[in-house]
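Chemist: Per this note's numbering, residue 5 is the first one in the sequence shown, and the count goes up by one each step.
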Amino acid sequence: MKKKSVPLIQSVPCERCHGTHVLIEAVPRQRYARGRLCECFPTPCHACSGTGFILRRDRFHREMAASCPECVGRLQRVELYNEARVPRRYLHSRLKVTDQDKHNAQIFSLLDAIHRNLPDYLRTHQEQGSTTDDLKGMVLMGPPGTGKTHLLSGFVYQCTITHGISCVFQGFTELLSELRQGYSDGKSDMEIIEPHLLADVLIIDDMGKGRNTPWELGILDTLITERYNRDRIVMVTTNYTEAEENTLRERVLSKDRSEEEQFLSDTIRKRVGERIYSRLREMCYFEELNGPDRRQVD
Ligand SMILES: [Zn+2]
Ligand SMILES: [Zn+2]
């Protein structure tokens with residue numbers, strides 16, 4: 005006799021958060037994307053009945069109380085995402101398979117591998133003080149609009165929400181203005197860049213942008229050297245590449261104000277100087293992202 009097929013009762017994932025129970029939104033007048041728990045998250049929490057604790061067994065099979073990963077853990081991850089300060093226009097960036105295309109396939113899988121290996125890398129680092137594991141960050145180079153910031157914002161989402169890893173996402177010129185503002189508020193450089201040194205992952209967006217004064221390069225040098233000394237991961241986006249032929253071409257005013265147009269085609273090496281460049285070379289994969297200007301396509 006033919007068996008009657010019984011429809012499986014499947015809970016349909018919430019349309020707003022796609023079953024993650026986390027929503028990332030733009031809040032009016034806020035520069036950064038903001039995460040929070042979705043309304044679909046059950047109250048009280050199903051896992052801990054709202055106590056915030058669950059009982060689990062340690063490796064000696066003893067029962068012990070641990071904070072609930074469903075509610076407390078998820079809130080902590082949301083907090084990590086918010087502290088990372090992802091610009092609000094990248095609130096939808098997730099590093100999802102659908103972000104992958106023929107132009108970024110190699111970079112995409114490398115980014116994917118880095119965030120998947122990060123929890124182990126950080127655990128060894130914490131337990132042994134340092135690590136010989138060879139986990140590198142990435143310098144993502146290429147013309148404006150190719151989606152570099154989108155990919156690294158998605159990387160931040162994966163690190164914080166999926167793995168519970170702390171990140172700081174920092175636009176380089178925004179950091180410079182914050183430091184300048186700090187001087188008038190009586191804050192030291194160190195006070196402002198401390199989170200950048202302590203976070204598990206530092207993302208510097210648009211490195212090399214700016215007037216490139218000795219002070220600006222000094223700030224960049226402090227960030228890179230300190231992270232280097234602490235074996236900490238650095239991720240970078242930049243419009244400058246390693247070859248003059250395809251690096252960012254900038255129009256400059258000639259000193260004598262002659263009508264003749266002058267262009268600068270600084271390579272990343274020239275732009276940040278030998279010392280920062282060679283540190284980054286040791287710490288990061290150098291990858292070039294090309295392809296259509298996605299900002300025009302959208
Ligand atoms: Zn939801
Ligand atoms: Zn709970």
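C-beta: ideal position from N, C-alpha, C; glycine also.
(1) Hey, out of Y289, R92, F57, whose CA is closest to Q34's CA?
(2) Is there at least one non-hydrogen atom of ligand 1 closer than 7 Å to the beta-carbon of H25?
(3) Let me check one thing: in DSSP terms, what residues is Y36 bridge-paired to?
(4) Check whether the region 108–126 and the region 172–186 touch, using three or more Cβ-Cβ pairs below 8 Å as the test.
(5) DSSP has G175 in a bridge; who is on the other side?
(6) List, from N- to C-terminal side, the alpha helix (DSSP H) runs of 4 residues or more that fit wholly inside the region 56–110.
(7) For the alpha helix (DSSP H) that L227 lies in, which residues bound it at each end?
(8) With a cut-off of 8 Å on the beta carbons, I'd call L52 and C21 a contact; round off their distance for me.
(9) Quick check on D125: does DSSP put it in helix, strand or coil?
(10) Could you give the residue range of the alpha helix (DSSP H) that holds T241?
(11) Should L268 go down as buried or exposed, given a rule of 16 or more other Cβ atoms within 10 Å for buried?
(12) Which of helix, strand or coil does DSSP assign to V301?
(13) Short of 7 Å in beta carbon distance, which residues of its chain neighbour Y94, apart from the five on each side in sequence? Order them along the chain.
Modeler: By the coordinates alone:
(1) For the purposes of this step, residue 34 is taken as residue 30 along the sequence shown, with counting starting at 1. Taking only the C-alpha atoms, the option nearest Q34 is R92.
(2) Stepping through the sequence shown from its first residue, residue 25 is reached at position 21. Answer for H25: yes, Cβ within range of ligand 1.
(3) Position 32 of the sequence shown holds residue 36. Beta-bridge pairing links Y36 to P91.
(4) Verdict: no, contact absent.
(5) On the sequence shown, residue 175 is found 171 positions in, with the first residue counted as 1. Its beta-bridge partners are D209.
(6) Counting whole runs of 4 or more residues, the region 56–110 contains the alpha helix (DSSP H) stretches 78–88.
(7) If you number the sequence shown from 1, residue 227 lands on position 223. First-last of the alpha helix (DSSP H) with L227: 218–233.
(8) Counted from its first residue, the sequence shown places residue 52 at position 48. Counted from its first residue, the sequence shown places residue 21 at position 17. A small fix is needed here, since residue 52 is Cys in this sequence, not Leu. Incorrect: roughly 20 Å between the Cβ atoms, too far for contact.
(9) As a first step, residue 125 is located in the sequence shown; it is residue number 121 there, counting from the start. In the sequence as displayed, the identity of residue 125 is Tyr instead of Asp. Here Y125 carries a helix assignment [DSSP, helix/strand/coil].
(10) Position 237 of the sequence shown, counted from the start, is the residue given in the question as residue 241. Segment 237–242 is the beta strand (DSSP E) holding T241; no alpha helix (DSSP H) there.
(11) The sequence position of residue 268 within the sequence shown is 264, counting from 1. That one is exposed.
(12) Taking the first residue of the sequence shown as 1, we reach residue 301 at position 297. Low per-residue confidence applies at V301: pLDDT is 44, beneath 50, and the placement is therefore not dependable enough to give any value.
(13) Translated into the one-based positions of the sequence shown, residue 94 becomes position 90. So the list reads A37, T153, H154, S157, once near-sequence residues are dropped.
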